[in-house]
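Asker: According to my numbering, the sequence shown holds residues 401 to 523 in order. Each residue gets a CB set at the ideal place from its N, CA and C atoms; glycine is no exception.
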Amino acid sequence: MDTIADYFSKDKEIALLQKKLNDKILINEHLKIENNNLKDRNLALSKRNKALCDEKNRTIASRDKLTIKHKRTVLVVSELYTEGLLSLTIKQIAERLFTSFDNVNVAVSAIRRGKSEKLQVNC
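1) Here's the rule I'm using: 16 or more other beta-carbon atoms within 10 Å means buried, otherwise exposed. How should Lys412 be labelled?
2) From Lys410 to Leu426, what distance separates their C-alpha atoms?
3) Beta-carbon within less than 6 Å of Leu416's beta-carbon, same chain only, minus the 5 sequence neighbours each way: which residues are those?
4) Going straight from the alpha carbon of Asn449 to that of Glu455, what length do you get?
5) Taking the alpha-carbon positions, what's the Ser446 to Asn436 distance?
Shown next as structure tokens:
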């Protein structure tokens, strides 16, 4: 037969086990919250990564357009020089090309590059 001391001893064991269980439940809840936070952070990082990839692709496309525009300018400048329009100033040529550039200064610099590269262009 159990004595009162045995009863209290078992009661103490049960209380200790209950405390351990409560601690594990608290740890589990904390881990669930941390897991949700990590999922949210992962989602945010995925969105940021996609935005950076989109920006990179736009930059590459923009660079490719500028390269094409530059090559076209080199060809036009070479054609102007081969057609005997050597007497035109760079500023006059730039004004003729103004429609394909944002401003005349951009066209002037492209023409200067074109003059230096005209020997590389096959007309």
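Answerer: Result, derived from the coordinates:
1) Counting from one through the sequence shown, the residue named residue 412 turns up at place 12. It is exposed - the Cβ of Lys412 has fewer than 16 other Cβ atoms within 10 Å.
2) As a working note, residue 410 is residue 10 in the sequence shown. As a working note, residue 426 is residue 26 in the sequence shown. Answer to the nearest angstrom: the Cα atoms are 24 Å apart.
3) For this step, residue 416 is matched to residue 16 along the sequence shown. So no residue of the chain qualifies.
4) For this step, residue 449 is matched to residue 49 along the sequence shown. For this step, residue 455 is matched to residue 55 along the sequence shown. Looking at the two C-alpha atoms, the distance is approximately 10 Å.
5) Residue 446 sits at position 46 when you count from the first residue of the sequence shown. Residue 436 sits at position 36 when you count from the first residue of the sequence shown. Answer to the nearest angstrom: the Cα atoms are 15 Å apart.
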